[in-house]
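Respectively, the protein sequence lines represent chains X and Z. Going by the working numbering, the first sequence runs without a break in its numbering and finishes at 1608. Going by the working numbering, the second sequence runs without a break in its numbering and finishes at 260. Note that the Cβ used here is the ideal one computed from N, Cα and C, for glycine as well. Beneath this line is the structure, given in structure tokens, with notes to follow.
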Amino acid sequence: MPLFERLFNFACWLTHDRQAAEDLVQETYVKALKGFPSFQPNTNFRAWIYKILRNTFLTSRTGLKATATVPLDLEGEAEILLTVEETPESILLERSDGQLVQQALEQLPVAYREVLLLCEVEEMSYQEISATLAIPMGTVMSRLSRARKALRSGLRPQFQKG
Amino acid sequence: MVCESWKAKLDTYLDGELPEQEMRSFDDHVRACPACSSDALSRVQMKRAIQAAGKRFVPSADFRRRLEQSLTPQPQRSFRLGWMLAAAAGVILVVGTLASTYVASRSGKDQASRDHVFSEIADLHVATLASSSPVDVISTDRHTVKPWFQGKIPFAFNLPELQNSEFSLLGGRMTYLDQTPGAHLIYDVRKHHISVFVFEERALSLKLPARLDEPSSKPLPFNMETWSQGGLRYFVIGDASASDIARLAKLFQAEP
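Pasting the structure below:
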């Protein structure tokens, strides 16, 4: 099963629930197998299967709930985030055990969380992300930028506490 | 100030997404500019931290095995579904036949004990709804409610998907019948509350018919369905219409 562990990890981040993630991954493989004849050989397989997983999530009960409270497309909103001062978190990041970053990631709206995970964890190119999320390259860049800012502003109070 | 234009592209540079020539100019600039190199270092650390934190969830070996089994090439889905339906229909037929034979052979004493169980179920339903906190796990998500029962009751059961139905799950709680622990789920349909009780069949000392094919001699003020499936005894009860109760029962019966 190609990308099994990575898809499961991504599904858990989307659903926040292992059982729901298992259902999501299973449904993704079933759909991928069913739709494989329609997959175009010279296109990106990874982007294709992630796209199936994401679309399945968005139409699931959990996905509908997650996107009902926070719009999936946050580009329309101007600067909803505070401008963040650069650097001091770098030293704190070194010392943190990763749990703070996990918590901050969990707090992000799903649109920011997924784009960050695809870029940093899945190490997808902007083009692959664009294909997976079905958004233009320019939107990938602006959304990534906003997601990074949002994560930093989410981490700052955590660091101050620590 | 000069660095503002560089900084605007710093993330794109670190993601390796700038055109080749621009990447080279950036390399040179970052080496020469302390402000940009410090900023770049901070962003690289953030990227690494996200990468490490993001690789968090590992699938269980059991899930891998189950998934591999389910994806093993099998006959056409429609054929499989048809076969499953036929098998289910066969089981229902056999169970129904056995039940009617069984019910026909029951004595008046058994009828009295059955009535007693049904009264108990109605009491549990009413007493719970009268409580200020009828459910201990409050969720409309079956994937939250089902795991809540782990370790609380000595068996597992499946909850049906309700997305395209008029029912909604309100939550669940533990319950007891005949000194046996069980699950009590509460559903909502058009403002009516319906209780679904699940017990381990063998743990109940009272013997009940596989399905309730004949009305109780003492009519209940509620509509109720009960059946046995996979070693579990289900009761669906509420003041909703008999057809609502039957529809909810069918959703449970369709679960493997």
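For residue j and residue i, the rounded distance between their alpha carbons
i        : j        : result
V149(Z)  : K156(Z)  : 12 Å
I1495(X) : V1556(X) : 18 Å
M252(Z)  : G242(Z)  : Note that residue 252(Z) corresponds to Leu in the displayed sequence, not to Met. Looking at the two C-alpha atoms, the distance is approximately 11 Å.
R60(Z)   : F256(Z)  : 34 Å
K13(Z)   : C40(Z)   : 11 Å
Y1558(X) : A36(Z)   : 33 Å
I29(Z)   : R1507(X) : Residue identity differs from the one stated: residue 29(Z) is Ser in this sequence, not Ile. Rounded to whole angstroms, S29(Z) to R1507(X) spans 48 Å at the Cα level.
Q1465(X) : Q154(Z)  : 13 Å
E1451(X) : E124(Z)  : 48 Å
P1582(X) : P260(Z)  : 43 Å
S1576(X) : E204(Z)  : 51 Å
L1528(X) : S1591(X) : Because the pLDDT at L1528(X) is just 40, under 50, the model does not fix this residue reliably, and the value given afterwards should be weighed accordingly. L1528(X) and S1591(X): Cα-Cα distance of roughly 13 Å.
S9(Z)    : H33(Z)   : 12 Å
L181(Z)  : S136(Z)  : 21 Å
T1585(X) : L1551(X) : 20 Å
R47(Z)   : Q1548(X) : 17 Å
Residues near residue i by beta carbon distance below 6 Å, same chain, minus five either side
i        : result
I1526(X) : Residue placement at I1526(X) cannot be trusted, given a pLDDT of 42 that sits under 50; the coordinates are not used to answer.
L163(Z)  : R146, K150
E1574(X) : N1490, A1493
Q1553(X) : G1600
A246(Z)  : N227
E1473(X) : T1502
Presumed contact (8 Å Cβ cut-off) between residue i and residue j, rounded CB distance
i        : j       : result
I2(Z)    : G175(Z) : Residue numbering for chain Z in the displayed model covers 5 to 260; residue 2(Z) lies beyond these limits and cannot be assessed.
A193(Z)  : F171(Z) : The question names Ala, but residue 193(Z) in the sequence shown is Val. 5 Å between Cβ atoms; contact.
L1562(X) : I54(Z)  : 6 Å
R177(Z)  : L208(Z) : 19 Å between Cβ atoms; not a contact.
E1566(X) : G20(Z)  : That pair is no contact at about 12 Å.
Contacts that residue i makes with chain Z (C-beta to C-beta distance below 8 Å)
i        : result
V1567(X) : I54, Q55, G58, K59
E1451(X) : V62, P63
Close beta carbons around residue i, own chain, < 8 Å, minus the five adjacent residues each side
i        : result
T179(Z)  : L128, T132, P185, G186, A187, H188, F201
K1477(X) : I1498, T1502
G1481(X) : I1498
Contacts of residue i in chain A (Cβ-Cβ under 9 Å)
i        : result
E1468(X) : Judged by its chain identifiers, the structure shown contains no chain A, and its protein chains are X and Z.
Interface residues of chain X facing residue i [CB-CB closer than 9 Å]
i      : result
S74(Z) : Q1472, Y1475, V1476
Listed by chain order, chain X residues near residue i by CB distance under 8 Å
i       : result
D248(Z) : What D248(Z) touches in chain X: nothing, since even the nearest Cβ is about 21 Å away.
Cut-off 7 Å between Cβ atoms - residues of its own chain near residue i, not counting five sequence neighbours on either side
i       : result
E229(Z) : L216, V240, I249, A250, A253
E71(Z)  : Checking the sequence shown, residue 71(Z) turns out to be Leu, not Glu. Counting only Cβ-Cβ distances below 7 Å, and skipping sequence neighbours, we find nothing.
Proximal residues of chain X, C-beta to C-beta of residue i below 7 Å
i      : result
K51(Z) : E1566
Proximal residues of chain Z, C-beta to C-beta of residue i below 7 Å
i        : result
R1507(X) : D145, Q167
N1455(X) : K59, R60, F61
Contact test: residue i Cβ vs the ligand COA heavy atom, cutoff 7 Å
i        : result
Y1558(X) : You won't find the ligand COA in this model; it holds no ligand whatsoever.
Neighbouring residues, chain Z, relative to residue i (Cβ below 9 Å)
i        : result
Y1572(X) : T16, D19, E21
Checklist line | Within 7 Å of chain X by C-beta, residues of the region 159 to 182 of chain Z in sequence order | finding: Flagged, chain order: Q167.
Checklist line | Under 9 Å (Cβ pairs) to chain X, residues found in the region 127 to 152 of chain Z | finding: Interface annotation for the region 127 to 152 of chain Z against chain X: T144, D145, R146, H147, T148, K150, P151, criterion Cβ-Cβ distance under 9 Å.
Check: Listed in chain order, which residues of the region 15 to 43 of chain Z have Cβ atoms closer than 7 Å to some Cβ of chain X?
Finding: D15, T16, D19, E21, S42, D43
Item checked: Members of the region 1543 to 1555 of chain X near chain Z, C-beta cut-off 7 Å -> G1544, V1547, Q1548, L1551
Next item on the list: Output, in sequence order along the chain, the residues in the region 1578 to 1599 of chain X whose CB is closer than 8 Å to any CB in chain Z.
Entry: M1587, L1590, S1591, R1594, L1597, R1598
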